[in-house]
Ligand SMILES: O=P(O)(O)OC[C@H]1O[C@](O)(CO)[C@@H](O)[C@@H]1O
Ligand SMILES: O=C[C@H](O)[C@H](O)COP(=O)(O)O
């Protein structure tokens, strides 16, 4: 039997004398707990110096904390606490189990600077205990004379204490006395004694390292003393420990102890520390094999633990040769060795051995901190021409009314004046600081990713609508898949052709499906979840849940359903963060981490932007405020078509921006219309209603766009340029745009965090679906205005044949209007090319802005603007006959019928809002149908 497991027969617990973020994340610690019977972890300042100071593993967390204005001390404490919390959580099942044997603990030491400071130690001990906030943490306190009263006090307060730096037997007695007195104080105060655990860490190897050379010197001098000394080399540490065990047995018996035990107290076990051998002449397992006995702990370094697993001798040895123990200890004074004096030296030296690396660690954190706070965000370039003056005036006006501090204080009257609106605004401002919360969640997410990969998953499908999937789409297309990442697909359409495509392209049994829905009630993700759950169930039966993960708000019915379906994991997001503001929450970051991206770096950039935007105190320039004021003022001056220009490498960023801008600002007849995916042209094709915003990379020249933008600027169009260093700056840009959108909302005097007109389409769809459930099909629509070559045109505009109807429809266009294409079709390159051709022809002929979106995706994105923004849109809805339809499990309708109902429901909502619409049903072949329509289109 593996000695690591066998040693439990003798009631000895092995703990690991090491902690670091990688072993918490990569599953190694978990493996040791599960497979190697590891029962606890100890840390000390030197261990943290090694894991934090000597590696880059914590760099992005250090940076994020530094940017938040944390001091070096606070940064260290925060990192150490996070690791200890993560480790205690891994040990929690053991701690909670019936046979825990007082194990399952992780130790965190007070600052080595407090080694001779009783009050400071008590204060820090209580602070750390509260901050870690886990019952299975032990606070490590040195056994100095000043430490003893602190130990007594902490025990009396119910804090678990690991007493460290014990070298001598007399001191050990005092340690047990402090422990017992602490328990007695607690009992006298009428407080419970159960589960107050403590260990006394007796240091081994350091004793031999100090005494052996002295003995060897005496031995070398020869004579009688020399002979005695020779026999003691390498024996003193083990003898001291064995004698300590005898003292333990004596103290934890008899009436004093029995009285405490009767009240539920557990003894303070001896823990063998410093058990990594430091003398090459000795067996590396000397301080493990030789000290095995009941009710003891041995905390061992990684290498020693692994070696014991291979070659350890698990047998009770702790009380072997007790006569020899007495002899060894008795012989020392005769050789002029005063063990108490020597151990006092070890205590002082021990303090030094922790202080020095700790000071180095603090120095290294300080360097990284200083570097981080010196960093600046990428500047935006504003070329606004005549609009610069009113924009500057607006910035001054906002500053004058303390907009920035009010913004960070969630002061809702900056946006609207009615009480209900203000309540709603306050309840959706969690996004302001969510990146800070997520920095703390990074290790948890990375641990999850590791678990998923260890379980053998090969692919990830993220399923959800709008804000629940936009950020994953952007991450996937802006970054290459990370070295340790998994390929990702995103499903955000009910289009049966697309569902089929995804199903055919992934290895179902080895695919992790993420059902992402903030509300947990959105019809599409629930349908996707049910569909793929049924598919995986066909293969894995009752184990299907292993392949499913939910990201949702707490408390929804979906949480209950996912729990009942045995989902592998449920990430609970934040109710106070709205969907389109959730890129930097679990919705964006879990898929990003699975894709292999270092999410800590993305967050670090976001926090840099938060800092620049005044999150941690006033700043000279405020990028979010300036950008938002510009967008708001320009829109009010008639430049409300926010035209987003990106290089190929950022081609999906527009999707995220569309939702953020349109859903936030498009209401009460106001708003900014995001125009994405419209290739830049000569100035002549544009009306005078544009703002051009270029988002690209600093060191990647984009000559074609740059020269066109220059021409547009010369022609008097406002141009704003945002250049990023690399794709990690998306974190920075997400926050910049979020704040700017909120600021623009304040300029308009609207609530940027609600989506009042989205519901109308959903309600109309629900009604249609009820009709489908009752009648087996959608209600008949009115007769088409024209039908030609298999394509049907439905609109209120009248004309002869397809060409006449199209002409009449477009004749309604006025300056400042926009064309909106809504394609409830399978997204293919040919369909996209035809939609683009249509946009370009309209733009050339009518000089109006054009947008295009696939349905039902855009319903959860720009759909709000379509119904709630200004009535300036000409909407063309494309549907087809769903040639590749698919049934939906547990429902009486198909994906195709669902999609058509969504299209009709939205059309209904557009009509209810007096919008100009044309529905084009393309028949059985969307690509051919689009070509037919384009052929019929005459614009002049
Ligand atoms: O995450 P959920 O609740 O499924 O919602 C998805 C999307 O639907 C909307 O509520 C609009 O319908 C968006 O705001 C949101 O991002
Ligand atoms: O709690 C554990 C101690 O801090 C550790 O064992 C010290 O070991 P060292 O003597 O090898 O530094």
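Residue numbers (the working numbering): 5 to 944. Even for Gly, the Cβ is constructed at its ideal location relative to N, Cα and C.
- Secondary structure note for residue 833: its alpha helix (DSSP H) is the uninterrupted segment 833-850.
- Under the DSSP definition of a beta bridge, residue 390 lacks any partner.
- Residue 796 and residue 924 have their C-alpha atoms some 6 angstroms from each other.
- Taking residue 655 as the centre and dropping the five residues before and after it, the same chain places the C-beta of 481 closer than 7 angstroms to its C-beta, in chain order.
- If you compare the alpha carbons of 96, 554, 568 and 445 with that of residue 546, the shortest gap goes to 568.
- Look at residue 483 here: in three-state DSSP terms it is coil, with no helix or strand label.
- Straight through space, the alpha carbons of residue 457 and residue 451 are spaced by roughly 10 angstroms.
- The beta-carbon separation of residue 142 and residue 114, rounded to 11 angstroms, does not stay under the 8 angstroms limit for a contact.
- Judged by their CB atoms, residue 935 and residue 633 are not nearer to each other than the 8 angstroms cut-off.
- The DSSP-derived three-state label of residue 611 is helix.
- Contact between residue 474 and residue 660 holds: CB atoms are separated by about 4 angstroms, below the 8 angstroms threshold.
- Taking a C-beta distance under 8 angstroms as the contact criterion, residue 160 and residue 199 do not qualify as a contact pair.
- Sorted by chain position, residues whose beta-carbon lies closer than 6 angstroms to a non-hydrogen atom of ligand 1 are 468, 469, 470, 471, 472, 521, 522, 523, 526, 529, 583, 584, 667, 759, 762 and 864.
- Cβ contact annotation for residue 237 (same chain, cutoff 8 angstroms, sequence separation greater than five): 216, 219, 220 and 223, in chain order.
- Here residue 113 is bridged, per DSSP, to 144.
- The residues 170, 204, 206, 248 and 251, in chain order, have a CB closer than 7 angstroms to that of residue 176 in the same chain once the five nearest residues on each side in sequence are set aside.
- Every alpha helix (DSSP H) stretch that sits fully inside the segment 257-329 and reaches 4 residues is listed by chain position as 258-266, 290-293 and 306-315.
- Segment contact: the segment 386-406 against the segment 72-81, fewer than three CB-CB distances shorter than 8 angstroms; contact not assigned.
- With fewer than three CB-CB distances shorter than 8 angstroms, the segment 871-879 does not count as touching the segment 486-502.
- Beyond the five residues adjoining it in sequence on each side, residue 920 comes within less than 6 angstroms, by CB distance, of 816 and 878 in the same chain, given in chain order.
- An exposed status is given to residue 705, since fewer than 16 other beta-carbon atoms sit within 10 Å of its beta-carbon.
- Take the alpha-carbon of residue 288 and the one of residue 281: they are about 5 angstroms apart.
- For residue 43, the shortest separation between its Cβ and any heavy atom of ligand 2 does not lie below 7 angstroms.
- The beta carbon of residue 50 sits closer than 7 angstroms to at least one heavy atom of ligand 2.
- Set against 7 angstroms, the gap from the CB of residue 160 to the closest heavy atom of ligand 2 is not smaller.
- Burial state of residue 55 is buried, judged by a 10 Å Cβ sphere holding 16 or more other Cβ atoms.
- Here the segment 579-592 lies against the segment 429-438, with 3 or more beta-carbon pairs under 8 angstroms apart.
- In the DSSP assignment, residue 575 is bridged to 555.
- A straight line joining the alpha-carbon of residue 629 with that of residue 386 spans about 13 angstroms.
- Counted as a single uninterrupted DSSP element, the beta strand (DSSP E) harbouring residue 695 occupies residues 694-701.
- Assignment of beta-bridge partners to residue 166 by DSSP yields 144 and 203.
- Taking all protein chains shown into account, residue 87 has 16 or more neighbouring C-beta atoms within 10 Å of its C-beta and is therefore buried.
- Under the DSSP assignment, residue 639 falls in the alpha helix (DSSP H) whose first and last residues are 627-640.
- Fully contained in the segment 754-827 are the following alpha helix (DSSP H) runs of length 4 or more, in chain order: 762-779 and 805-814.
- Nearest in C-alpha terms to residue 184, of all of 268, 359 and 419, is 268.
- Counting along the chain, residue 853 sits inside the beta strand (DSSP E) bounded by residues 853-858.
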